[in-house]
Amino acid sequence: MGAHLSHASDRDARLRYLALGDSYTIGESVPMADRWPMQLAARLRDDGIAFADPEILATTGWTTDELSAAMDAHHFTPPYDLVSLAIGVNNQYRGRDIDNYAKELDALLSRAVGLAGGHTERVFMLSIPDWGVTRFGQESGRDRGQIAARLDAFNARAARLCERHGVAFVDIMPVSRALGANADMMAADGLHPSGALYAEWAALALPVVRDLIRETPGTGN
1107 MGAHLSHASD RDARLRYLAL GDSYTIGESV PMADRWPMQL AARLRDDGIA
1157 FADPEILATT GWTTDELSAA MDAHHFTPPY DLVSLAIGVN NQYRGRDIDN
1207 YAKELDALLS RAVGLAGGHT ERVFMLSIPD WGVTRFGQES GRDRGQIAAR
1257 LDAFNARAAR LCERHGVAFV DIMPVSRALG ANADMMAADG LHPSGALYAE
1307 WAALALPVVR DLIRETPGTG N
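Numbering-wise, this note's numbering comes out as the position in the sequence shown, counting from 1, plus 1106.
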């Protein structure tokens, strides 16, 4: 699958949002409006914060290095008023080294901050959800306990890196574990979230982003 891009539809909106990631950000197997970055932008507009629909650079299956390579080739128009990053599940799924993940994530966080004009307070990251609780995970034959432990380790490293960079970290792991096995919270493929679960993610990100917007000069109401 080629890189999937979604550009702002509301050209008159004052605030611009860039979402970087993998299948979770592009919303594999759900309609465009159900993607969590789209739902987040809609909720911000409902709150009276004039965000355009996000520009999305994400593709199913991407690892940290693949996202970085796609960023090298993509024409960005910074600075963005908000940048989100959600990456790492495919590093874990493919059995990649956690130290290598941390090194590449460190570089991605620096790039994300750069795309936000150097403003760390305009950047946030979502944790990796636990795909082991899904129907796909249950049928995969893999040890779900090991999946969970490995993902917890990846997320712990990501959280520490975000703290080091001064970037907000939104932990969607608990809700993914609590609801990820529910059929109505899963897309038809049995692996990726449905729009309903993405709505839960957007709800968790919303207060964090509202606070970020208030902290950033020139972006608040």
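We treat Cβ as the ideally placed atom computed from N, Cα and C, and that holds for glycine.
Given the structure is predicted, the values throughout are model-derived calculations rather than measurements.
To which residues does DSSP link residue i through a beta bridge?
i: Pro1299; result: Met1292
i: Ser1190; result: Ala1125, Phe1230
Mind checking if residue i is an interface residue toward chain B, Cβ cutoff 8 Å exclusive?
i: Leu1126; result: The displayed structure is made up of one protein chain only, and chain B is not part of it.
If you count every other CB in all the chains shown that lies within 10 Å of the CB of residue i, and 16 or more means buried, which is it?
i: Pro1160; result: buried
i: Asn1206; result: exposed
i: Met1231; result: buried
i: Glu1269; result: exposed
i: Ala1218; result: buried
i: Pro1139; result: It should be noted that the sequence gives Ala, not Pro, for residue 1139. By the neighbour-count rule (16 or more Cβ atoms within 10 Å), Ala1139 is not buried but exposed.
i: Arg1256; result: buried
i: Gly1243; result: buried
i: Gln1252; result: exposed
i: Arg1228; result: buried
Assuming residue i is part of the beta strand (DSSP E), what are its boundary residues?
i: Ile1162; result: 1161-1164
i: Gly1127; result: 1123-1127
Excluding the 5 residues preceding and the 5 following residue i in the sequence, name in chain order all residues of the same chain whose CB lies nearer than 6 Å to its CB.
i: Ala1311; result: Leu1146, Val1276
i: Met1291; result: Leu1285, Ser1300, Ala1302, Leu1303
i: Ala1305; result: Gln1145
i: Arg1241; result: Gly1296
i: Tyr1186; result: Arg1122, Leu1124, Leu1221, Ala1222
i: Gly1272; result: Thr1226
i: Glu1210; result: Thr1170, Asp1171
i: Val1239; result: Arg1283, Gly1286, Ala1287
i: Tyr1130; result: Ala1192
Tell me which residues share the same chain as residue i and place their Cβ nearer than 7 Å to its Cβ, disregarding the 5 neighbours each side in the sequence.
i: Ser1328; result: Nothing can be reported for residue 1328, as the shown portion of the chain is limited to 1107 through 1327.
i: Ala1308; result: Trp1142, Gln1145, Leu1146, Arg1149
i: Val1314; result: Phe1230, Ala1274, Val1276
i: Leu1214; result: Thr1170, Leu1173, Ser1174, Leu1191, Ile1193
i: Ile1278; result: Leu1232, Ser1233, Pro1235, Trp1307, Leu1310
i: Asn1196; result: Asp1128, Gly1167, Trp1168, Thr1169
i: Phe1182; result: Leu1221
What is the DSSP secondary structure of residue i, reduced to helix, strand or coil?
i: Ser1135; result: coil
i: Phe1260; result: helix
i: Val1276; result: strand
i: His1225; result: coil
Starting from residue i, follow the alpha helix (DSSP H) in both directions and report where the run begins and ends.
i: Phe1242; result: 1241-1245
i: Ile1204; result: 1204-1221
i: Thr1183; result: Taken as a continuous stretch (DSSP letters only), Thr1183 belongs to no alpha helix (DSSP H), as it is neither H nor E.
i: Gly1168; result: Going by the sequence as given, residue 1168 is Trp instead of Gly. Note, Trp1168: premise wrong, no alpha helix (DSSP H); not H, not E.
i: Ala1147; result: 1142-1152
Under 7 Å: does the beta carbon of residue i sit that close to some heavy atom of the ligand MG?
i: Glu1306; result: Here there are no bound small molecules, and the ligand MG is not part of this structure.
Residues in its own chain within less than 8 Å of residue i by CB, not counting five upstream and five downstream?
i: Arg1263; result: Ile1204, Tyr1207, Ala1208, Leu1211
i: Glu1245; result: Gly1296
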